[in-house]
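Q: Pasting in a structure now, in structure tokens, and then I'll have a few things to ask.
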Amino acid sequence: MRPKKVILCVDDNDQVLSVRKFVLETRGYRVLTAKNAEEAVELYDRGRVDLVISDLVMPHCNGNDLIQQLKEIAPWVPAVLVSGSIKQFDPNSRADAFLPKGSCSPQELLERVRVLLVRKRGPKKMIASPPPLEVHAAAAQGVA
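Residue numbers (the numbering used here): 922 to 1065.
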């Protein structure tokens, strides 16, 4: 059995955080939650995190700044920003995806998470296939 992917969810709204955690856990992910940037950085430093989902608008540190901090620690970990306010989204953000809060269905969130985790993992390794039968027959007859 392969280990569960670990997703760090950051949001200052407890209700949003618990719903997001429930949706992800029912799909087999292990979810760590943080209510602010300080908690998020601490959890990120402590364990292996495969993906980050962060709210954009939070007190003291917005999602753009948080993702910038986390990408300095581990730039290969994908990050998703979620917000109801597109006006505050920085197009220069290091987030790998942006999802609008409220108009994004759980299925859209799960699909984005799946795609980002596949991209992080990279393509599956190709298994060397045996040469075609014609090569075996030619080799048996001494023809190259």
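C-beta: ideal position from N, C-alpha, C; glycine also.
(1) Which whole-angstrom value describes the C-beta separation of S1014 and D976, a residue pair presumed to lie in contact below a C-beta threshold of 8 Å?
(2) Can you tell me which of the three DSSP states A955 falls into?
(3) Would you decide whether G984 is buried or exposed? Buried here means 16 or more other CB atoms lie within 10 Å of its CB.
(4) Can you tell me whether DSSP reads L1020 as helix, strand or coil?
(5) Per DSSP, D976 forms a beta bridge with which residues?
(6) Taking only the alpha-carbon atoms, compute the straight-line gap between A1058 and L945 and give it to the nearest angstrom.
(7) Taking the beta strand (DSSP E) that V970 belongs to, which residues open and close that run?
(8) Which residue's Cα is closest to the Cα of L929: P1021, L987, S1026, S1024?
(9) Just to confirm the assignment, what range does the beta strand (DSSP E) spanning N944 have?
(10) Taking all protein chains shown into account, do 16 or more other C-beta atoms lie within 10 angstroms of the C-beta of D971, making it buried, or fewer, making it exposed?
(11) In chain order, what residues of the same chain have a beta carbon less than 8 Å from the beta carbon of K942, not counting five sequence neighbours either side?
(12) Less than 7 Å between the C-beta atoms of L991 and Y965, yes or no?
(13) For the candidate residues P924, L938, R967, whose alpha-carbon lies nearest to that of I974?
A: Working from what's here:
(1) The C-beta distance from S1014 to D976 rounds to 13 Å, too long to fall under 8 Å, and the pair is not in contact.
(2) Here A955 sits in strand by DSSP.
(3) So G984 counts as buried.
(4) Correct three-state label for L1020: strand.
(5) D976 pairs with V1003.
(6) Confidence at A1058 is low in this model, with a pLDDT of 49, below 50, so its placement is unreliable and the value that follows should be read with caution. Computed Cα separation, rounded: 53 Å.
(7) Annotation: V970 is outside any beta strand (DSSP E) and is labelled neither H nor E by DSSP.
(8) When each option's Cα is compared against that of L929, the closest is L987.
(9) The sequence given here places Val at residue 944; Asn does not occur at that position. Taken as a continuous stretch (DSSP letters only), V944 belongs to no beta strand (DSSP E), being part of the alpha helix (DSSP H) at 935–946.
(10) The residue is buried, with at least 16 neighbouring Cβ atoms inside 10 Å.
(11) Hits under 8 Å: C930, V952, T954.
(12) Against a cut-off of 7 Å, the Cβ pair of Y965 and L991 comes out as a contact.
(13) In terms of Cα proximity to I974, the closest of P924, L938, R967 is L938.
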